[in-house]
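2 protein chains.
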Amino acid sequence: MTKEKAIRLLDAATGRKACDLVIKNAKVVNVYTHEIQNGDLFIDNGLIVGIDGERKAEKEIDAKGAYIVPGFIDGHCHIESSHLTPTAFSDMVVPYGTTSVIADPHEICNVCGSDAMAYMLKSGKNATLSIFYMYPSCVPATPFEHAGCILNAKEIEEFIDDESVLGLGEMMNYPGVINADGMVLDKLATAYSRKKNIDGHAPNVRSSDLDGYIGVGITTDHECATSDELKERIARGMYVMLRQGTACKNVLELVKGIDDKNYRWALFCTDDRQPETIAKYGHLNHGVNLAIGAGLNPVTAICMATINAAECYGLKDRGAIAPGKRADFFITEKLTDIKAEQVFIAGKLAAKNGKILSPSKPVKAQGIEGRMNVKDFSKEKLKLRLRSDHVRIIDIIPGQVVTKAGEAYVARDEEGCWMHDGENDILKLAVVERHNGLGNVAVALIRGYGMKHGAVATSIAHDSHNIIVIGDNDEDMATAVENLISLGGGITMVKDGKILDNHRLEVGGLMTGDGAQEVCKTLERMHETAYGELGVSKDVDPFMTLCFMALPVIPEYKLTDIGLFDVTKFDFVDINLD
Amino acid sequence: MTKEKAIRLLDAATGRKACDLVIKNAKVVNVYTHEIQNGDLFIDNGLIVGIDGERKAEKEIDAKGAYIVPGFIDGHCHIESSHLTPTAFSDMVVPYGTTSVIADPHEICNVCGSDAMAYMLKSGKNATLSIFYMYPSCVPATPFEHAGCILNAKEIEEFIDDESVLGLGEMMNYPGVINADGMVLDKLATAYSRKKNIDGHAPNVRSSDLDGYIGVGITTDHECATSDELKERIARGMYVMLRQGTACKNVLELVKGIDDKNYRWALFCTDDRQPETIAKYGHLNHGVNLAIGAGLNPVTAICMATINAAECYGLKDRGAIAPGKRADFFITEKLTDIKAEQVFIAGKLAAKNGKILSPSKPVKAQGIEGRMNVKDFSKEKLKLRLRSDHVRIIDIIPGQVVTKAGEAYVARDEEGCWMHDGENDILKLAVVERHNGLGNVAVALIRGYGMKHGAVATSIAHDSHNIIVIGDNDEDMATAVENLISLGGGITMVKDGKILDNHRLEVGGLMTGDGAQEVCKTLERMHETAYGELGVSKDVDPFMTLCFMALPVIPEYKLTDIGLFDVTKFDFVDINLD
Numbered sequence: 049m050t051k052e053k054a055i056r057l058l059d060a061a062t063g064r065k066a067c068d069l070v071i072k073n074a075k076v077v078n079v080y081t082h083e084i085q086n087g088d089l090f091i092d093n094g095l096i097v098g099i100d101g102e103r104k105a106e107k108e109i110d111a112k113g114a115y116i117v118p119g120f121i122d123g124h125c126h127i128e129s130s131h132l133t134p135t136a137f138s139d140m141v142v143p144y145g146t147t148s149v150i151a152d153p154h155e156i157c158n159v160c161g162s163d164a165m166a167y168m169l170k171s172g173k174n175a176t177l178s179i180f181y182m183y184p185s186c187v188p189a190t191p192f193e194h195a196g197c198i199l200n201a202k203e204i205e206e207f208i209d210d211e212s213v214l215g216l217g218e219m220m221n222y223p224g225v226i227n228a229d230g231m232v233l234d235k236l237a238t239a240y241s242r243k244k245n246i247d248g249h250a251p252n253v254r255s256s257d258l259d260g261y262i263g264v265g266i267t268t269d270h271e272c273a274t275s276d277e278l279k280e281r282i283a284r285g286m287y288v289m290l291r292q293g294t295a296c297k298n299v300l301e302l303v304k305g306i307d308d309k310n311y312r313w314a315l316f317c318t319d320d321r322q323p324e325t326i327a328k329y330g331h332l333n334h335g336v337n338l339a340i341g342a343g344l345n346p347v348t349a350i351c352m353a354t355i356n357a358a359e360c361y362g363l364k365d366r367g368a369i370a371p372g373k374r375a376d377f378f379i380t381e382k383l384t385d386i387k388a389e390q391v392f393i394a395g396k397l398a399a400k401n402g403k404i405l406s407p408s409k410p411v412k413a414q415g416i417e418g419r420m421n422v423k424d425f426s427k428e429k430l431k432l433r434l435r436s437d438h439v440r441i442i443d444i445i446p447g448q449v450v451t452k453a454g455e456a457y458v459a460r461d462e463e464g465c466w467m468h469d470g471e472n473d474i475l476k477l478a479v480v481e482r483h484n485g486l487g488n489v490a491v492a493l494i495r496g497y498g499m500k501h502g503a504v505a506t507s508i509a510h511d512s513h514n515i516i517v518i519g520d521n522d523e524d525m526a527t528a529v530e531n532l533i534s535l536g537g538g539i540t541m542v543k544d545g546k547i548l549d550n551h552r553l554e555v556g557g558l559m560t561g562d563g564a565q566e567v568c569k570t571l572e573r574m575h576e577t578a579y580g581e582l583g584v585s586k587d588v589d590p591f592m593t594l595c596f597m598a599l600p601v602i603p604e605y606k607l608t609d610i611g612l613f614d615v616t617k618f619d620f621v622d623i624n625l626d
Numbered sequence: 049m050t051k052e053k054a055i056r057l058l059d060a061a062t063g064r065k066a067c068d069l070v071i072k073n074a075k076v077v078n079v080y081t082h083e084i085q086n087g088d089l090f091i092d093n094g095l096i097v098g099i100d101g102e103r104k105a106e107k108e109i110d111a112k113g114a115y116i117v118p119g120f121i122d123g124h125c126h127i128e129s130s131h132l133t134p135t136a137f138s139d140m141v142v143p144y145g146t147t148s149v150i151a152d153p154h155e156i157c158n159v160c161g162s163d164a165m166a167y168m169l170k171s172g173k174n175a176t177l178s179i180f181y182m183y184p185s186c187v188p189a190t191p192f193e194h195a196g197c198i199l200n201a202k203e204i205e206e207f208i209d210d211e212s213v214l215g216l217g218e219m220m221n222y223p224g225v226i227n228a229d230g231m232v233l234d235k236l237a238t239a240y241s242r243k244k245n246i247d248g249h250a251p252n253v254r255s256s257d258l259d260g261y262i263g264v265g266i267t268t269d270h271e272c273a274t275s276d277e278l279k280e281r282i283a284r285g286m287y288v289m290l291r292q293g294t295a296c297k298n299v300l301e302l303v304k305g306i307d308d309k310n311y312r313w314a315l316f317c318t319d320d321r322q323p324e325t326i327a328k329y330g331h332l333n334h335g336v337n338l339a340i341g342a343g344l345n346p347v348t349a350i351c352m353a354t355i356n357a358a359e360c361y362g363l364k365d366r367g368a369i370a371p372g373k374r375a376d377f378f379i380t381e382k383l384t385d386i387k388a389e390q391v392f393i394a395g396k397l398a399a400k401n402g403k404i405l406s407p408s409k410p411v412k413a414q415g416i417e418g419r420m421n422v423k424d425f426s427k428e429k430l431k432l433r434l435r436s437d438h439v440r441i442i443d444i445i446p447g448q449v450v451t452k453a454g455e456a457y458v459a460r461d462e463e464g465c466w467m468h469d470g471e472n473d474i475l476k477l478a479v480v481e482r483h484n485g486l487g488n489v490a491v492a493l494i495r496g497y498g499m500k501h502g503a504v505a506t507s508i509a510h511d512s513h514n515i516i517v518i519g520d521n522d523e524d525m526a527t528a529v530e531n532l533i534s535l536g537g538g539i540t541m542v543k544d545g546k547i548l549d550n551h552r553l554e555v556g557g558l559m560t561g562d563g564a565q566e567v568c569k570t571l572e573r574m575h576e577t578a579y580g581e582l583g584v585s586k587d588v589d590p591f592m593t594l595c596f597m598a599l600p601v602i603p604e605y606k607l608t609d610i611g612l613f614d615v616t617k618f619d620f621v622d623i624n625l626d
């Protein structure tokens, strides 16, 4: 609020001036009382003025008895998972009734550090959607790989005072917290000194360790898998998020733990949601509708998706239809199956019937386009020389990001190098360092991907986002890597030296300024090619599976640019078993 | 939280070090889940560590199955109403389980402005009780009297960034807000720019005006008189306080409006609570127990008195028994009649069985002692020369601060001056300006006080706190005023030139560093004298009634240092009717 805005609001509220807009015949959902108020909703200068009263308005919309619901606030998401830049993401999610998000730009910051943060802030400020950020707390995610940068307390200080930065992002290094690691606590201290929030991420941390983790001021969680965990965390003062992402879908389990007392401390979030999932099922509304479908009272669910998130993050200007709040809301026919028919942001109609009406103006991704700093890459580096036929192998578990630590007997050529054998569904996997020109290329073997012939490469490879490539032959793999470098990042598929298709992600190798529709069309086409021409197993997602094979915090075997990593032992292991 | 505290908390939580204290066999009230948790509560370094777990402690207390309740937070109070300095107030209220208060030093700031604010902050920081302040928004309260100073946006800027100052105090000038007065909005803007709270005070403001008042960011209210008003305000996004003061007792009416949805936006407060009321009925616990007695669920009532107040004022470090929160709590046998048997503040036993164990060290009230700047006062100035026998008169309504605009026919001497007539219970009332040496003395007539002979004078006279004196003869009245000046403020009673008794309030004429016990003893003795020797009517409180006779915002007739004021007409009126 400012003095000028206050004067205008007072004039509008008291009828001294006409309001910009009235929405007549509305059923307004009141998140304070849980009542439905029938009346005419007045809006002026982007703010809610009030319901009914002796007022006039310049413009009139008839809600015809439909409900007005405060705009949804996504408690935690990674915009990068949508493959879209913040402005393109805004255009995609606003039509679903999401009007604010709290985003952690962890992925892009792993690639381009402060440059990425600056870009995300600038792009976020240009978006119709309100985009708030949590500054990534764990870059790099682990010391077992090379990311694009290292963000410590010093780097955090550079951005944390920005008004769009609400605090420190998910503190995944929970062992570091619990063991009182000095560098980790220095990061927390940047939030302490500003009284800003700190988000949590601590799967399976329980009882005394959880006391410590929460006790040092980590106030949210989105990693609960069971309703028991949810209850345990809320009882200790945490806000718990019911997540409905693409891979992690927790709403239906967690909603069992919500009751009429503890709901106050629960939110919804999407975390990692792929563009196809958004296109097919919607955005935050998907989780909300699932919860309502499972029996949660619709107004309770709406409170969780609105005022609770606003309270959790100290966003005093939103989360409710009340005087002086931002006029972020949507109109829906029903509360049992919420569908944002008309979405208003700051009092302006921003989307109607699923279509964005006021697309956000993109921001040039200066300095973070491309970012493929690969040194001395050659086909030779993909050779996998083995000492024995008996080797460690990454076993894909269909539908999961966890792998199994497998073993296999493989064929070798006269030089002792691995040879593809069509019979056993073993392929070569390589990670090519792309940030610092270190020249690192690590190679391992993987089973269960199903591809018959060719190569798939991507620059999305959590959390360091080096290049990851899979294939049956070094030629196609090398072509894929080289093509990806020339694209500036994305996803590519190669067969017999021919590039089959590309999904270009020019912003840090993770995002594109292209619209959601084009991205979804490309991805659909590429999935078809992967399953068809390349013969990838229908049990796995050809691209998402690949993305998680370099993430050395999820068991059991993973491959980083340094080598094969056994997450259970928390150490690198030799590929050769004998 | 700081890095050092975090390290220590983590060591204590995980059992790497012994905790300071464990309270065994406790029933801990959980304000997040509304459950009662049976267990051992561990405390270290002033903070809650957790319940149970593999931990040791240096010291052990057995709760023997009693309840542990988070320390109560008084959402709104004026410490000055207790006649005690902040440190003495702390000693008085902590034994009742109040561990934090949000105080508006409106009274003392009317007397000594920034000097008072500096003193209150310093004294507050010395108190065992956590004292937070809202910077007074309406000094002077009205332009119809002379206060000790004028505090505008510029003066507010001087203090609002102090970490103990949570925002702007009750905005009583609701007409100024609603009419978008520039000076008023400048004050609000000091809070806007810091994202600090603004407290409300807007009795009877409803519908559209209320939309405006709330819409400009005024987020609390403690002036609801009916449960309908409470509901109306909560529905618009306000936190509403259930007040139980000495004169204003709203809990039993307002609690009728609380339900299991809207309770989240309700708090308790004491506002103006006299020392005798505290001594007799307790502090915030009184209102809480009244609400529980009226049928409110005890845990709901506790949430309102703890976590809700913490949320309302952004006090993230308190309001719950949860890891990392301040160890402010008390032990009570029952939840139906809450009695703080042992009160802990920051993990230390601060009071037991109603007695303070660690009295706060007083702070010298440098520069704001005395402050009786009266110029050219003489008995002559008390003379009331009338043009006619037919006059306007202030009619006291027993038990209320509202008066009636009365008329009377009175006797006059040969000079035309009012003469006391024992038959009709009319006395002389005078207000003597004491802040700026203006020499103002205004005189009027008042009916219903009952005093037979003598004078009572006090320097507590809301809101400007000039000297107010009542009497049947000018000699005793003048003696009372002169004695009060020499005391440096307080209350005094005079009869036949003899000083009957004094209550010395040396700090700005409003507070004393003497302990609560002494203050209560003095006031009890003085009440006896007033009702006995002076013959004041039992229907009125001899001192409190007087205090409100100079408050020109409460109808109908009031007297300021400028003259007789008709609050209904919002203008001064002539005492002569013919």
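Residue numbers (the working numbering), protein chains in the order written: chain A, 49 to 626; chain B, 49 to 626.
No residue lacks a Cβ here, since even glycine has one placed at the ideal position from N, Cα and C.
Please read all numbers here as calculations on a predicted model, not as lab measurements.
| Item | Value |
| --- | --- |
| Work out the CA separation of A/Leu258 and A/Lys279 for me, nearest whole Å. | 13 Å |
| If you follow the alpha helix (DSSP H) that B/Tyr579 is in, where does it begin and where does it stop? | 564-579 |
| Using a cut-off of 7 Å between C-beta atoms, extract the partners of B/Lys309 located in chain A. | Thr81, His82 |
| Please go through the same chain and pick out, in chain order, the residues whose beta-carbon is closer than 6 Å to the beta-carbon of B/Trp313, but skip the five residues on each side of it. | Ile282, Tyr287 |
| Here's a check: name, in chain order, each residue in its chain whose Cβ is nearer than 7 Å to the Cβ of A/Ala339, leaving out the five neighbours to either side. | Leu290, Val299, Val303, Ala349 |
| Could you check whether the Cβ of B/Arg284 sits closer than 8 Å to any Cβ belonging to chain A? | yes |
| According to DSSP, is B/Lys431 part of a helix, a strand, or is it coil? | coil |
| Shortest alpha-carbon distance to A/Gly265 belongs to which of A/Ser255, A/Gly285, A/Pro603? | A/Gly285 |
| Just to confirm my understanding: we take B/Asn221, look at its own chain, exclude 5 residues before and 5 after, and list those with CB closer than 7 Å. What are they? | Cys186, Val232 |
| Based on the DSSP secondary-structure assignment, which residues constitute the bridge partners of B/Trp466? | B/Arg460 |
| Within 8 Å, do at least three Cβ pairs link the segment 126-146 of chain B to the segment 97-111 of chain B? | no |
| Output yes if chain B places a C-beta closer than 8 Å to the C-beta of A/Lys65; else output no. | no |
| Is B/Asp100 helix, strand or coil by DSSP? | coil |
| Quick one: does A/Glu106 have its CB under 8 Å from some CB of chain B? | no |
| Give the residues of chain A in contact with B/Arg312, contact being defined as C-beta atoms less than 7 Å apart. | Arg312 |
| Tell me, to the nearest whole angstrom, how far the beta carbon of B/Gly305 is from that of B/Ser275; I am working on the premise that it is less than 8 Å. | 3 Å |
| Would you please verify whether the beta carbon of A/Ser40 is less than 8 Å from any beta carbon of chain B? | Since the first residue of chain A shown is 49 and the last is 626, residue 40 of chain A is not available in this structure. |
| Should A/Ala295 be flagged as near chain B, meaning a C-beta pair shorter than 8 Å? | no |
| Interface residues of chain B around A/Leu236 at Cβ under 9 Å? | Met49, Lys51, Ala54 |
| For chain B, find out if any of its Cβ atoms is closer than 8 Å to the Cβ of A/Ala349; answer yes or no. | no |
| Kindly indicate if chain A contains any beta-carbon less than 8 Å away from that of B/Ile262. | yes |
| Would you call the segment 210-230 of chain B and the segment 319-338 of chain A touching, i.e. three or more CB-CB distances under 8 Å? | no |
| So within the segment 127-192 of chain A, which uninterrupted beta strand (DSSP E) runs reach at least 3 residues, ignoring any that extend past its ends? | 146-151, 178-183 |
| Quick one, which of B/Ala398, B/Lys546, B/Thr268, B/Glu193 has its alpha-carbon nearest B/Ala629's? | There is simply no residue 629 of chain B to check, as chain B begins at 49 and stops at 626 in what is shown. |
| Using C-beta distances below 6 Å, list every residue in its chain close to A/Asp163, excluding the 5 sequence neighbours before and after it, in chain order. | Gly415, Ile416 |
| Relative to the C-alpha of B/Thr593, which residue among B/Ala505, B/Asn624, B/Thr577, B/Glu530 is closest? | B/Ala505 |
| Let me check understanding here. Comparing Cα to Cα, which of B/Lys72, B/Asn624, B/Val584, B/Pro407 lies closest to B/Gly113? | B/Lys72 |
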